[in-house]
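Visitor: Got a structure here, written out as structure tokens. Questions coming.
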Amino acid sequence: MPKERISRIVVLTGAGISAESGIPVFRGADGLWQGHRVEDVATAEAVAFNRPVVNDFFNKRRREVEKVAPNSAHRALVEWEQACGDDFLLVTQNIDPLHERAGSHNLIHMHGELQRIRCDSCGESAPFFADALAQTLCPVCGRAGGLRPDVVLFGEMPMRMEEVFMALSACDLFVAIGTSGAVYPAAGFVDLANQAGAYTVEINAAETERSPTFHERLTGRAGEVVPDFVASCFKL
Ligand code: OAD
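Here it is in structure tokens:
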């Protein structure tokens, strides 16, 4: 880690940060995509042709996050944000609500949120904590049949990318936590941060496709490594 003062920070998180809270990651032996064909449950085409299957998959995910609690990695990022204020941006690929449950505010859910629903009839999105069924009414327009999860499916554009790219182009520290680097554009954030002259750090339980691109790699479970790493940044 460079000794000069770090002032603008962007942190990217992926499924690995929530693994110790009990939410399965996407890839790997017990991963969420095992047993599911992505094209059946997580694409725009699946919504068009088989909406109940998509809603059913995400209804299950929504139920899974009802009672899960943030872990020490989520909490360390809250402390970091509190110390840095607006100079700290947290971008998550996760659709679970654990960052906000821990207390993060300056947060972008680039792949959407499980606890929101979108309506293809009125185009609006709203907080949502139940199951979306064929007869469920849109909380905004009151019509049935058009609900879908307010998450980014394969083939759709991630959310709020302009804000993320602006922050990356101006940051001096970029940290990627618990993400496999298999899905773009998030997998390319490290390249943008490197181009901006930032110091880049990867925290992951295992090596990833993007590991060689980072200045520093910290191997281990997020719940252990992230609190220590954040504490070391406070001492700079
Ligand atoms: P993945 O499932 O692809 O990768 C999870 C990463 O977390 C892996 O690199 C693991 O090594 C790491 N990991 C697992 N447990 C960990 C722990 N306790 N501490 C630290 N690291 C750990 O999940 P993502 O990279 O988040 O997108 O996946 C990216 C996107 O692919 C998701 O947002 C989702 C998915 O398809 C959409 O659905 C649009």
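Just so we're aligned: the sequence shown equals residues 0 to 235 in numbering that gives the first Met the number 0.
Positions of the beta carbon are idealized from the N, C-alpha and C atoms, including for glycine.
Does the distance between the C-beta of residue 205 and the nearest non-hydrogen atom of the ligand OAD fall short of 7 Å?
Guide: Residue numbering aside, residue 205 sits at position 206 when the sequence shown is read from its first letter. Yes; taking the cut-off as 7 Å, the Cβ of residue 205 has a heavy atom of the ligand OAD nearer than that.
Visitor: Distance, Cα to Cα, residue 142 vs residue 69?
Guide: What you label residue 142 is simply residue 143 of the sequence shown in a count that begins at 1. What you label residue 69 is simply residue 70 of the sequence shown in a count that begins at 1. If I take the Cα positions, the gap works out to 35 Å.
Visitor: Quick one: is the Cβ of residue 212 within less than 7 Å of any heavy atom of the ligand OAD?
Guide: Locating residue 212 in the sequence shown gives position 213, counting from the first residue. No, the ligand OAD has no heavy atom inside 7 Å of this Cβ.
Visitor: Starting from the Cα of residue 73, find the closest Cα among 20, 64, 34 and give me that residue.
Guide: Walking along the sequence shown from the start, residue 73 turns up at place 74. For residue 73, the nearest C-alpha among the options comes from 20.
Visitor: From this set, 82, 119, 51, which residue's C-alpha is nearest residue 230's C-alpha?
Guide: Reading the sequence shown from its first residue, position 231 is the one you call residue 230. Ranking 82, 119, 51 by Cα distance to residue 230 puts 82 first.
Visitor: Looking at the strands, I want to know which residues DSSP matches up with residue 108.
Guide: Here residue 108 corresponds to residue number 109 of the sequence shown, with the count starting at 1. In DSSP, residue 108 forms a bridge with 91.
Visitor: What is the DSSP secondary structure of residue 22, counted as helix, strand or coil?
Guide: As a first step, residue 22 must be located in the sequence shown, where it is residue number 23. Here residue 22 sits in coil by DSSP.
Visitor: Find the nearest neighbour of residue 112 within the set 138, 75, 158, 153, judged by alpha-carbon distance.
Guide: Here residue 112 refers to the residue found at position 113 of the sequence shown. Cα-wise, what sits closest to residue 112 is 158.
Visitor: Out of curiosity, what's the CA-to-CA distance linking residue 12 and residue 150?
Guide: Working through the sequence shown from its first residue, we reach residue 12 at position 13. Working through the sequence shown from its first residue, we reach residue 150 at position 151. Distance between the alpha carbons of residue 12 and residue 150 is about 16 Å.
Visitor: Taking all protein chains shown into account, do 16 or more other C-beta atoms lie within 10 angstroms of the C-beta of residue 218, making it buried, or fewer, making it exposed?
Guide: One-based indexing of the sequence shown puts residue 218 at position 219. Exposed, because fewer than 16 other Cβ atoms sit within 10 Å of the Cβ of residue 218.
Visitor: According to DSSP, is residue 173 helix, strand or coil?
Guide: Start at 1 with the first residue of the sequence shown, and residue 173 comes out as number 174. In the structure shown, residue 173 sits in a strand (DSSP, three-state: E or B).
Visitor: Starting from the Cα of residue 140, find the closest Cα among 156, 130, 121, 153 and give me that residue.
Guide: As a position in the sequence shown, residue 140 is number 141, starting the count at 1. For the residues 156, 130, 121, 153, the minimum Cα distance to residue 140 belongs to 121.
Visitor: Looking only at its own chain, which residues have a Cβ that is under 7 Å from the Cβ of residue 137, when we skip the five neighbours before and after it?
Guide: Residue 137 sits at position 138 when you count from the first residue of the sequence shown. Once the five neighbours on either side are set aside, the close Cβ partners of residue 137 are 118, 120, 121, 145, 146.
Visitor: Considering only C-alpha positions, which residue in the set 153, 183, 194 is nearest to residue 166?
Guide: As a working mapping, residue 166 is identified with position 167 in the sequence shown. Of 153, 183, 194, the residue nearest in Cα terms is 194.
Visitor: Note down, one range per segment and in chain order, each beta strand (DSSP E) of at least 3 residues found wholly within the region 183-213.
Guide: Fully enclosed beta strand (DSSP E) runs of 3 or longer: 198-203.
Visitor: Taking the alpha-carbon positions, what's the residue 183 to residue 133 distance?
Guide: Translated into positions along the sequence shown, residue 183 becomes position 184. Translated into positions along the sequence shown, residue 133 becomes position 134. Each residue's alpha carbon lies about 32 Å from the other.
Visitor: Using only the heavy atoms of the ligand OAD, determine whether one of them is closer than 7 Å to the beta carbon of residue 173.
Guide: Taking the first residue of the sequence shown as position 1, residue 173 is located at position 174. Not so, every heavy atom of the ligand OAD lies at least 7 Å from the Cβ.
Visitor: If you scan the region 54-101 from start to end, which runs of the alpha helix (DSSP H) of 4 or more residues do you find wholly inside it?
Guide: Those alpha helix (DSSP H) runs which fall completely within the region 54-101 and span 4+ residues are 71-83, 97-101.
Visitor: Hey, could you find the ends of the alpha helix (DSSP H) residue 131 is sitting in?
Guide: For the purposes of this step, residue 131 is taken as residue 132 along the sequence shown, with counting starting at 1. Note, residue 131: premise wrong, no alpha helix (DSSP H); not H, not E.
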